[in-house]
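Trainee:
Protein chains: 2
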Amino acid sequence: MRMGAVVVERITVVGVGLIGGSLALALKQAGAVREVTGWDQNREHLHCAHALGIVDNIGADIGSAVADADIVILALPVRCLAQVAEQVLPSMRPDAILTDTGSVKEAVVAGIEPVAGNVGIAYVPGHPISGTEKSGPQAAFAELYRGKRCIITPTSSTPAAAIETVAQLWRCAGSEVVLMDVRKHDRILAAISHLPHMIAYALVNSVSNYDEYEENILEYSAGGFLDFTRIASSDPVMWRDIAMENRGAILEMLEQFETYLAELKADIAALDGKRLEGFFRQSKLSRDAIAGSAPTCTKGD
Amino acid sequence: MRMGAVVVERITVVGVGLIGGSLALALKQAGAVREVTGWDQNREHLHCAHALGIVDNIGADIGSAVADADIVILALPVRCLAQVAEQVLPSMRPDAILTDTGSVKEAVVAGIEPVAGNVGIAYVPGHPISGTEKSGPQAAFAELYRGKRCIITPTSSTPAAAIETVAQLWRCAGSEVVLMDVRKHDRILAAISHLPHMIAYALVNSVSNYDEYEENILEYSAGGFLDFTRIASSDPVMWRDIAMENRGAILEMLEQFETYLAELKADIAALDGKRLEGFFRQSKLSRDAIAGSAPTCTKGD
């Protein structure tokens, strides 16, 4: 996609925070869209996004905000996606495309696809693997998606042309687009993102509640602990929602993790130096192989 | 301690890698010692440390390297400490002090203290909470210990004057010295350092061995996973030794962690949003409270 090639005339971004706002900025900068309309339940965010030039105009209500769009992008917390989709679909043009940025896909697709099907509108489930620890329109920037992956999880009923249009948008924003089965997406994300978050939250609670000594032992933490637990500072509401929406895959990954932890524990208890060294060496090999393969980000990716 | 005030005339550093080399450089820069002798089983490291000016001279053998020292500092892997202490103690001056930098203390003290007691030499167990992911004399730098904590874990038989002399050295190197019970040290370190390392190693093995799909799902990892698992790139031999030397405390912390993980798992299985949000919020509060309280380091701290 050459810079400046228009993909669609008008898009509407519902949810003008870091994720939606950054996509709007990237697409405008790339010349991929002519006009961006914004909508947000948070009126302050909406007016801020307008003032910052993230969106060109704002709708009077959510229905009119989406009425003229070629593509409507729902950049909202996973728990709101299906409900907001139900709100916007009746107001959309029949030839328009609905897409989203949710970090869990099986539950979201199950919620949105039948409703979109009822009104004959193409729905393309998407998930950009990027973010920062910040949120809101002030945090948005055009480069957020550059060099990152965006996963699209079409089903058998997703029209190929709609997939290609949404993929083009993400490529214009600088991302590499990967098509993936929706179930696989949720398991991969559970493994590389949701599981680490669950572990980090449990670790911090475990250590901070260690009360053999009358002081907060977290005060002794050095850089290793701080790096390791940074993701435990993530938004509790967002992670509550992800944990609930991707329950099956997360429980599966937690059980797999527990198996490995039990193996390690048994080797420590048995003072089996050979197995311990092998366990650590295998882990180091796997970790070193991905070192530096992606820049830092901490959103629900 | 003013800059330039000499604490002792001569020290000998056994093990001239990152930890021992950096301490030598810091003490020379601060004018806290007049002469540094070095020893290392690795002759290449030893000559490198000499060439870099980390040590002023090198011993012909380990016995003569320590013979004239006021303080002998063992900066070696935890598993070697007791054995090397047995080697050096007979050659040391009776009024000299032996100290070490091992990141596990109960097992090390149990190994060294009786031997030091037999020859009437004061032994001061120490552990500087700092390091980098690098190693060897080339990685040593004088600022490593600045603004960091050094924990000294004396027993009832450690002479107060010897504790104060070793504490002064660490203060000259820029550290804050904390005196702590040896058992407490090992439990705190198990909680804030050893447990996170065990978890990171188990997580990477767990995720990299997830084989439902015919590809390495680690390739999808974004920054959050990379930050979280950086410590799984640590030295397998060093961590094998720490896991074995601090077995009791690490197993205790692993069990406490498993309890919290089980609670979280039950809340996810029950789709208990209120408890999940509370769990994540409590963790975020604890983690945010220590944010930025210490700079990055990744050694066995």
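If you read the sequences in order, they're chains A and B.
If you use my numbering, the first sequence corresponds to residues -14 to 286, in order.
If you use my numbering, the second sequence corresponds to residues -14 to 286, in order.
All C-beta atoms, glycine included, are put in the ideal place defined by N, C-alpha and C.
Could you please tell me which residues of the region 22 to 49 of chain B, in chain order, have their CB closer than 8 angstroms to any CB of chain A?
Mentor: So nothing in the stretch comes that close.
Trainee: Would you kindly check if the distance between the Cβ of E91 of chain B and the Cβ of V167 of chain B is under 8 angstroms?
Mentor: Yes, they are a contact pair.
Trainee: Enumerate, from N- to C-terminal direction, the unbroken alpha helix (DSSP H) stretches of 4 or more residues contained entirely within the region 85 to 151 of chain B.
Mentor: Runs of the alpha helix (DSSP H) inside the region 85 to 151 of chain B: 91 to 103.
Trainee: Just to confirm, is the Cβ distance from V100 of chain A to E71 of chain A under 8 angstroms?
Mentor: Yes, these two residues count as a Cβ contact at 8 angstroms.
Trainee: Nearest to D246 of chain A by alpha carbon, out of B:A95, B:A34, B:Q267 and B:V192?
Mentor: Correcting the residue type first, residue 246 of chain A is Leu in the shown sequence and not Asp. Among B:A95, B:A34, B:Q267 and B:V192, the Cα nearest to that of L246 of chain A is on B:V192.
Trainee: I'd like to know whether the C-beta atoms of M229 of chain B and A175 of chain B end up nearer to each other than 8 angstroms.
Mentor: For M229 of chain B and A175 of chain B, no; Cβs fall outside 8 angstroms.
Trainee: Less than 8 angstroms between the C-beta atoms of A158 of chain A and A60 of chain A, yes or no?
Mentor: Not closer than 8 angstroms, so no.
Trainee: Rounded to the nearest angstrom, what separates I173 of chain B and R28 of chain B at their Cα positions?
Mentor: Distance between the alpha carbons of I173 of chain B and R28 of chain B: 35 angstroms.
Trainee: Name the chain B residues whose beta carbon is nearer than 9 angstroms to that of Q241 of chain A?
Mentor: What Q241 of chain A touches in chain B: S191, V192, N194 and Y195.
Trainee: Would you decide whether N190 of chain B is buried or exposed? Buried here means 16 or more other CB atoms lie within 10 Å of its CB.
Mentor: Result: buried.
Trainee: Taking only heavy atoms of the ligand MN into account, decide whether any of them is closer than 7 angstroms to the Cβ of E149 of chain A.
Mentor: Questions concerning the ligand MN fall outside what the structure shown contains, since it holds no ligand whatsoever.
Trainee: Please confirm whether A234 of chain B and D171 of chain B have their CB atoms less than 8 angstroms apart.
Mentor: Closer than 8 angstroms, so yes.
Trainee: Does the Cβ of D55 of chain A have 16 or more other Cβ atoms within 10 Å, making it buried, or fewer, making it exposed?
Mentor: Per the 10 Å Cβ criterion, buried.
Trainee: Let me confirm a value: R(-13) of chain B is counted as buried when at least 16 other C-beta atoms fall within 10 Å, else exposed. Which label applies?
Mentor: At R(-13) of chain B, the pLDDT of 46 sits below 50, so the modelled position is not reliable; the number obtained from the coordinates is stated separately. Exposed is the call here.
Trainee: Between V163 of chain A and the rest of its own chain, which residues show a CB-CB distance below 8 angstroms, the 5 nearest in sequence each way excluded?
Mentor: R134, C135, I136 and I137.
Trainee: Going along the chain, which residues of its own chain have a beta-carbon closer than 6 angstroms to the beta-carbon of D53 of chain A, five neighbours each way excluded?
Mentor: Hits under 6 angstroms: R(-5).
Trainee: What residues in its chain sit with their C-beta under 7 angstroms from that of F265 of chain B, if we drop five residues either side in the sequence?
Mentor: Excluding positions up to five away in sequence, the list is empty.
Trainee: From the beta carbon of D212 of chain A, is the nearest beta carbon of chain B less than 8 angstroms away?
Mentor: Judged by the 8 angstroms Cβ criterion, D212 of chain A is in contact with chain B.
Trainee: Express the C-alpha separation of L270 of chain B and W224 of chain A in angstroms, rounding to a whole number.
Mentor: Cα to Cα, the separation comes out at about 15 angstroms.
Trainee: On the three-state DSSP scale, how would you describe N190 of chain B?
Mentor: Correct three-state label for N190 of chain B: helix.
Trainee: Assign R78 of chain A to one of three DSSP states: helix, strand, or coil.
Mentor: Three-state result, R78 of chain A: coil.
Trainee: Given a threshold of 16 other Cβ atoms within 10 Å of its Cβ, counted over all protein chains shown, does D25 of chain A qualify as buried or as exposed?
Mentor: Counting Cβ neighbours within 10 Å, D25 of chain A comes out buried, since at least 16 surround it.
Trainee: Is any beta-carbon of chain B found at less than 8 angstroms from that of M229 of chain A?
Mentor: Output row for M229 of chain A: interface = yes.
Trainee: Can you give me the C-alpha to C-alpha distance between Y108 of chain B and I82 of chain B, rounded to a whole angstrom?
Mentor: Each residue's Cα considered, the two are about 6 angstroms apart.
Trainee: Taking the straight line between their C-alpha atoms, what separation do you get for V(-7) of chain A and I58 of chain A?
Mentor: Rounded to whole angstroms, V(-7) of chain A to I58 of chain A spans 13 angstroms at the Cα level.
Trainee: In whole angstroms, what is the alpha-carbon distance linking T86 of chain A and A45 of chain A?
Mentor: Cα to Cα, T86 of chain A sits roughly 23 angstroms from A45 of chain A.
Trainee: Using the Cα positions of C65 of chain B and G121 of chain B, report the straight-line distance between them to the nearest angstrom.
Mentor: When rounded, the distance between both Cα atoms is 16 angstroms.
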